[in-house]
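**Q**
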Amino acid sequence: MPLNIIIGAQWGDEGKGHITDRLAHDAAVVARYSGGDNAGHTVTIAGEIFKLHLIPSGIIHPGVLCLIGNGTVVNPAVLLREMDALAARGVDVSPERLKLSGGAHLITPAHIALDQAHERARGKEAIGTTMRGIGPTYTDKARREGLRAELFADHDALAEALMAHVAAKNEALVGGYGEAALDGAAVAAEFAAHARRLAPHLVDGPLLVDEALRRGAMVLAEGAQGTLLDIDHGTYPFVTSSSPTAGGALTGLGVGPREVDRVIGVAKAFTTRVGSGPFPTELDGAAATRLRGTGEKPWDEFGTTTGRPRRVGWLDLPILRHARRVNSLSELVLTKLDILSGLDEIPVCVVYELDGRRVESFPHDLRALARCRPIYEMLPGWAEDVTETRRPGDLPDAARRYVDFVAAGAGAPVSYVSVGPGREQFIVM
Ligand code: IMP
274 MPLNIIIGAQ WGDEGKGHIT DRLAHDAAVV ARYSGGDNAG HTVTIAGEIF
324 KLHLIPSGII HPGVLCLIGN GTVVNPAVLL REMDALAARG VDVSPERLKL
374 SGGAHLITPA HIALDQAHER ARGKEAIGTT MRGIGPTYTD KARREGLRAE
424 LFADHDALAE ALMAHVAAKN EALVGGYGEA ALDGAAVAAE FAAHARRLAP
474 HLVDGPLLVD EALRRGAMVL AEGAQGTLLD IDHGTYPFVT SSSPTAGGAL
524 TGLGVGPREV DRVIGVAKAF TTRVGSGPFP TELDGAAATR LRGTGEKPWD
574 EFGTTTGRPR RVGWLDLPIL RHARRVNSLS ELVLTKLDIL SGLDEIPVCV
624 VYELDGRRVE SFPHDLRALA RCRPIYEMLP GWAEDVTETR RPGDLPDAAR
674 RYVDFVAAGA GAPVSYVSVG PGREQFIVM
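Note that our numbering has the sequence shown beginning at 274, numbered continuously upward.
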C-alpha cells in the first residue's frame, strides 16, 4: 500500500477534508505536508461539523495515526486549541494518535505581527493573506533562521532561540513598520508552556512515514490550499508561501516519487478564490450570490479560517489542465455538484482568449492571466436535486454530461463526485 496524495486543483477550499475523511478509512497514516492554520477543513459527520486548521482530517477516524509533517508551519497555540476542542468532543488527540514532526517550523506571535504589518504596508497591493504569520515563517525557514518544533524537547534552547528571535523581529516591527515591540520573555514563557504539552507528540516524520510504507500500510498526504496558491506553480505573487502541489507532498513528508500511487486532485464544480489577484471566470452580483450562498449554511462560500466571502466564478478548464500537469493527477474529485442544480445552462470555460489568440494552457505570467478572457461552452443544466443521489446511473443526464465534459476537458478521469456536505453524500464514478 503506497502513498496517496490529495491536492487542491484550484485556489484552495475545494473540499479536500471531505475526501480525505472518506479515504482515511483505509489509511494507516494521514499527514499534512505543507501550510499551516491558514487552511480550514470542514468535515461533517452525522450532522456534526468539525472545523480543522492544522490537524489532519484523519483524526476523526479512530485508529488512524495523524502526522503534521516537516513541510508545515505550526502555531502551537492554535494547535493546542484545536486539540482541546476535539478532545472536548471525545476525539482522541493523545500523543499515540497525533504526531508533530520535529522538522516543522514554528509560527510565533512575531511572525503574525509581521504578516499583519507587511500587509498593511502593502496597502492596495496587499496579497490578502490570512494574517496567520505564514509568509514570515516560511521566509525565516528559507533564510535559515527558523525555529523548528524539535526545540520543544529542549527548554533552554527554546527560550534562548525565542529571545533572539523576538529581539530580531522587534527591530523590523519597530524600526521598519513603526509597530509596538513584543515582549521576548513573555513569548518564551508562553512557548515553554506549549512545549510541555507538545513535546510528547514530537516524532521524526520522514521515519514514521517510511516505516508505515515499508510495512505495506497506506499513507494519505492531505493537501492544504491548492495548486494555484503554490509558490512555484500558482498565481505568483498572489500565492501562499509553501508548495501545496504534489511535489510539496514529497519534500514536505520526506519521501521520494517512487512511493506514490494516486494523486487525487480535488476541484469544485465551479471556481472560488479568496484573496487578491486575477480570476478569469469571476462573477459578481446575483450570479455570484447564486454560487456563493448567503452565509447561512456552513458550506456556503465564506472562508473557514477568515469568514471572508469567497470570490466565485464558473468552472475553468485551463486551470484544471494546469493542475493535472503540475501534479501528475491520476484522477479528479468533483465537489459541490449539487450547487449547480436548478440552473438552465451552465457555462464552462474551455479556453482563454489572450490578445486575440485562443490559448489552451494557463499562463504562468500574471499580467497575461489578467488579460485572459474566458471562452465558454454552454452546457445544459438540470432541475433535479441530486443531494440524495448515490449512483452515477441515477444522476440526471445533464449532470452526468457535465461530469464527463469536465473529465474530458481536464484530461483526467473523475473518480468521485460529492453532492452535499455529509460524509455519505458521495458518488463513486
Ligand atoms: P497566506 O497563506 O496566509 O500567506 O495567504 C496567501 C494567499 O493564500 C491569500 O490569498 C490567502 O487568501 C490564500 N490562502 C491561504 N490559505 C488558503 C486556504 O486554505 N484556502 C484558500 N485560500 C488560502
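C-beta atoms are modelled at their ideal positions from N, C-alpha and C, and glycine is treated no differently.
May I have the straight-line CA-CA distance separating Met651 from Trp587, to the nearest angstrom?
**A** Between the C-alpha atoms of Met651 and Trp587 there is a straight-line separation of about 11 Å.
**Q** Within the present structure, is the beta-carbon of Ile619 separated from the nearest heavy atom of the ligand IMP by less than 8 Å?
**A** no
**Q** For the ligand IMP, is there a heavy atom less than 8 Å away from the beta-carbon of Leu642?
**A** no
**Q** Can you tell me which of Pro694, Val366 and Ala656 puts its alpha carbon nearest to the alpha carbon of Leu616?
**A** Ala656
**Q** Rounded C-beta distance between Pro409 and His428? I'm assuming under 8 Å.
**A** At roughly 24 Å, the Cβ-Cβ gap does not stay under 8 Å, so Pro409 and His428 are not in contact.
**Q** Applying the 10 Å Cβ sphere with the 16-neighbour rule, what's the burial state of Ser367?
**A** exposed
**Q** With distances taken between CB atoms, is the gap from Asn311 to Thr578 smaller than 9 Å?
**A** Yes.
**Q** For the candidate residues Glu697, Glu626, Val623 and Arg594, whose alpha-carbon lies nearest to that of Gly684?
**A** In terms of Cα proximity to Gly684, the closest of Glu697, Glu626, Val623 and Arg594 is Arg594.
**Q** Confirm the yes/no value for this check: CB of Asn311, any heavy atom of the ligand IMP, distance under 8 Å.
**A** In this structure, the C-beta of Asn311 approaches the ligand IMP to less than 8 Å from one of its heavy atoms.
**Q** Indicate, with yes or no, if the ligand IMP has a heavy atom lying under 8 Å from the CB of Gly408.
**A** Gly408: yes, Cβ under 8 Å from the ligand IMP.
**Q** Taking 8 Å as the cut-off, is the beta-carbon of Thr513 closer than that to any non-hydrogen atom of the ligand IMP?
**A** With a cutoff of 8 Å, Thr513 counts as near the ligand IMP, since its C-beta is closer than that to a heavy atom of the ligand.
**Q** Quick check on the burial criterion: 16 or more other C-beta atoms within 10 angstroms. Buried or exposed for His298?
**A** exposed
**Q** For Thr608, which residues from the same chain have a beta carbon less than 8 Å from its beta carbon, with the 5 sequence-adjacent residues on both sides left out?
**A** Glu287, Gly288, His291, Ile292, Val539, Ala540, Lys541, Ala542, Val690 and Ser691
**Q** Under 8 Å: do the stretch 390-404 and the stretch 496-508 share three or more Cβ pairs, one atom per stretch?
**A** no
**Q** Check for me: the beta strand (DSSP E) holding Met436 runs from which residue to which?
**A** Not the beta strand (DSSP E): Met436 falls in the alpha helix (DSSP H), residues His428 to Asn443.
**Q** Measuring CB atoms only, is the stretch 486-495 touching the stretch 519-537, in the sense that at least three cross pairs come out at less than 8 Å?
**A** The way I'd put it, the stretch 486-495 does touch the stretch 519-537; three or more beta-carbon pairs between them come closer than 8 Å.
**Q** What are the boundary residues of the alpha helix (DSSP H) that includes Arg673?
**A** Asp670 to Ala683 is the span of the alpha helix (DSSP H), which, as asked, contains Arg673.
**Q** How many Å lie between Val528 and Ala559 at the Cα?
**A** Rounded to whole angstroms, Val528 to Ala559 spans 46 Å at the Cα level.
**Q** Can you have a look at Lys570 and say buried or exposed, based on whether 16 or more other CB atoms are within 10 angstroms of its CB?
**A** exposed
**Q** Lys372 and Leu481: beta carbons closer than 9 Å?
**A** yes
**Q** Beta-carbon separation of Leu642 and Pro551 under 9 Å?
**A** yes
**Q** When burial is assigned at 16 or more other CB atoms within 10 Å of the CB, is Glu574 buried or exposed?
**A** buried
**Q** Asp573 by DSSP, collapsed to three states: which one?
**A** In the three-state reduction of the DSSP assignment, Asp573 falls in the coil class.
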